[in-house]
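Chemist: Going by this note's numbering, the first residue of the sequence shown is number 25, and it counts up by one from there. Note that the Cβ used here is the ideal one computed from N, Cα and C, for glycine as well. Predicted, not measured: the structure shown is a model, and the values here were computed from it. Mind looking over this structure? Questions follow.
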Amino acid sequence: MLQQTTVKTVENKILEIINIFPSFNSFKNKKLEQLLKVWSGLGYYNRAVNLFKAVKIINDKFNGVLPDNRDSLISLPGVGTYTSSAILAIGHNQKAFPIDVNVKRLVERISGTEFKDKEVESILSMACKSKISYRSLAESMMDFSSIICKKNNPDCDKCKFSNFCKSAFQKFENNQNTKKINKKIDFYILDSSLHICFIKKPKFQFYKNFIHLPSNLDDEFISNIKLRKKEKIKSFKFVITNNLFQVNVYKLNQKKLKIANTVWIEKIKTKELALPTLFKKILN
Ligand code: SF4
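As structure tokens, this is what we get:
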């Protein structure tokens, strides 16, 4: 999530989500749209959809209790090896090792060897022969590797491992290979004075769980609209994963047309809609 937004935003959002969904039980009388609405701004909306589905299964099949074994956890939507390890270690304090890129990098730097995730897990498992707090280990490795043994410019002078780390005080500088792909997209605000048009099956490949403002990609839909009088009202850059979009926004007065897969929503109600940040930015 931190690729999409800042730590502060994630922190505030998590508190907001917990406030509305404080327990598995609290999901029972809620709709997915309510979760998507409060999730808005975090990106990775499939995670919200999977969370909603997973909690339903936890409530229906596991009596509202988070499973404490890997097989049951992996049966939940969106839960794979990493998440199940994180739940077992952090949630249940069991012997499990969530290996993310940061933790892998830390082990690789100390040993001076490249490993696969499974090998890192085996090394940690062998190193933890006596019972320890697996919760603390998982959390501290995540924190240490992201705060001290950072990807770029690690703080070796603050590091307790620097005496024996095979990579201590080496230069790890900004990797410029993470270049964004430049793309351009036009979105249209079709305004019937009281309503705005949204489409249900957009061709824009992101935010599949939301209704969209129409874009130039929706050629079939756009063919029904006379775009001659469109007025450009906004232009900005917007990053989604590794794409840098040049977003152009056009407004067009348009009477309400009945076209398949469209929905006209009262302008006043668009503020209440569950919409991704991109569309909120376009409409505000
Ligand atoms: S000494 Fe430097 S490279 Fe090695 S683990 Fe510590 S921070 Fe990372």
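1) If we cut at 8 Å on Cβ distances, does residue 103 have a partner in chain D?
2) Should the region 294-305 be regarded as contacting the region 239-254, the criterion being three or more beta carbon pairs within less than 8 Å?
3) Got a sec: does the ligand SF4 put a non-hydrogen atom nearer than 7 Å to the Cβ of residue 173?
4) Can you find the residues in the same chain that come closer than 6 Å, C-beta to C-beta, to residue 185, ignoring five residues on each side of it along the sequence?
5) Can you tell me the Cα-Cα spacing of residue 191 and residue 136, whole angstroms?
6) At a cut of 8 Å, does the region 155-167 reach the region 215-225 through at least three beta carbon pairs?
7) Check residue 257 in the structure and name its three-state DSSP category.
8) Within the continuous beta strand (DSSP E) that includes residue 89, where are the two ends?
9) Alpha carbon to alpha carbon, what distance is there between residue 211 and residue 245?
10) Mind pulling the alpha helix (DSSP H) runs of 4 or more residues that sit fully within the region 51-115?
11) Cα separation between residue 79 and residue 31?
12) Report all residues from its chain with a CB closer than 6 Å to the CB of residue 120; omit the five preceding and five following residues, and keep chain order.
Modeler: The short version:
1) In the structure shown, chain D does not exist; there is a single protein chain.
2) Counting C-beta pairs closer than 8 Å gives fewer than three between the region 294-305 and the region 239-254, which falls short of the contact rule.
3) Taking 7 Å as the cut-off, one finds at least one heavy atom of the ligand SF4 near enough to the beta carbon of residue 173.
4) Here residue 185 has 134 as same chain residues with Cβ atoms under 6 Å from its own Cβ, once five neighbours each way along the sequence are excluded.
5) About 6 Å.
6) No, because fewer than three Cβ pairs between the region 155-167 and the region 215-225 fall closer than 8 Å, the two stretches do not touch.
7) Residue 257 falls in the strand class under three-state DSSP.
8) For residue 89, there is no enclosing beta strand (DSSP E), as DSSP gives it neither H nor E.
9) For residue 245 and residue 211, the distance between alpha carbons rounds to 12 Å.
10) Segments of the alpha helix (DSSP H) lying fully in the region 51-115: 56-63, 69-85, 94-98 and 105-110.
11) Roughly 25 Å between the two C-alpha positions.
12) By the criterion of a C-beta distance shorter than 6 Å, residue 120 is surrounded in its chain by 109, 112 and 113, once the five residues flanking it on both sides are discounted.
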